[in-house]
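First up is the structure itself, then whatever we jot down about it.
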Amino acid sequence: MPRAPDDSDVPAPAVPVDRLDGTWERVEDATETLFGVEGADVRGHTVVYEDTDLRAAVREATDPSLDQSWRFFFATRLAFRPPLAPGIGPAMVLPSVKTEAVRRFADDLADRGVVGVERGRRERTRTEDRSRVTLRQVTGEVPLPDGDPVPVEGWVGAWADGDIRLAGGAYPRSSLADRFPGAEGQVLDGSAADYRDELFDLVRATG
Numbered sequence: 008m009p010r011a012p013d014d015s016d017v018p019a020p021a022v023p024v025d026r027l028d029g030t031w032e033r034v035e036d037a038t039e040t041l042f043g044v045e046g047a048d049v050r051g052h053t054v055v056y057e058d059t060d061l062r063a064a065v066r067e068a069t070d071p072s073l074d075q076s077w078r079f080f081f082a083t084r085l086a087f088r089p090p091l092a093p094g095i096g097p098a099m100v101l102p103s104v105k106t107e108a109v110r111r112f113a114d115d116l117a118d119r120g121v122v123g124v125e126r127g128r129r130e131r132t133r134t135e136d137r138s139r140v141t142l143r144q145v146t147g148e149v150p151l152p153d154g155d156p157v158p159v160e161g162w163v164g165a166w167a168d169g170d171i172r173l174a175g176g177a178y179p180r181s182s183l184a185d186r187f188p189g190a191e192g193q194v195l196d197g198s199a200a201d202y203r204d205e206l207f208d209l210v211r212a213t214g
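According to our numbering, numbering within the sequence shown proceeds without interruption in unit steps and concludes at 214.
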């Protein structure tokens, strides 16, 4: 969608910057109109962080053309322009926002080179400020020039706490160290369980 001329009309989401040190790098910070609901445009301020060390390690161990985003985390704060009509609060439009968030997240994975994207199970959690969040699983796989594809798992959730927030991300579901033995160091040694736990921690810490 076209980027709006003013990126200052929606505050940035609060993300746990202290937990995003090291391999995480902010690769996007933008505001745009995402979709419409109840006669209003839904504007979203999104920040995206990527594990750029993991991306570089795979690229250096293989053909440089395999420049794939393997692991990322995003957070979005939404606002309505014009504001929602009196009597219609964020919680009332949250179901529609959740549906649209999952659809857009699935499309984003496809844009990142993930094929066979499918929606999966739901899992409930709470943010650190005790807001309830239902996360939706989205799965697929990244095809490789040689060998079996790499399975990928993503999660996305939306919740209302004054404003509506979205957060989620994706990661490989199998060891990249096994797929790319030429890589040096321990960058590829992360497990799907560790990646999932870290993603859920980041989502819970988003405000």
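Yeah, the Cβ is synthetic: ideal placement off N, Cα and C, and Gly gets one too.
Checking the DSSP bridge columns, you'll see G46 has no partner listed.
If you draw a 10 Å sphere on the C-beta of G43, you find fewer than 16 other C-beta atoms in it, and that means exposed. Going by DSSP, R172 is part of no alpha helix (DSSP H) but of the beta strand (DSSP E) stretching over 170 to 179. DSSP, reduced to helix, strand and coil, places R26 within a helical segment of the structure shown. Less than 8 Å separates the beta-carbon of A113 from that of R126. For the 8 Å CB-CB criterion, R172 and R84 form a contact.
Between G51 and L41, the CB-CB gap stays under 8 Å. Counting the other Cβ atoms within 10 Å of the Cβ of E148 gives 16 or more, which makes it buried.
Contact between the segment 106 to 125 and the segment 142 to 161 is present, with at least three C-beta pairs closer than 8 Å.
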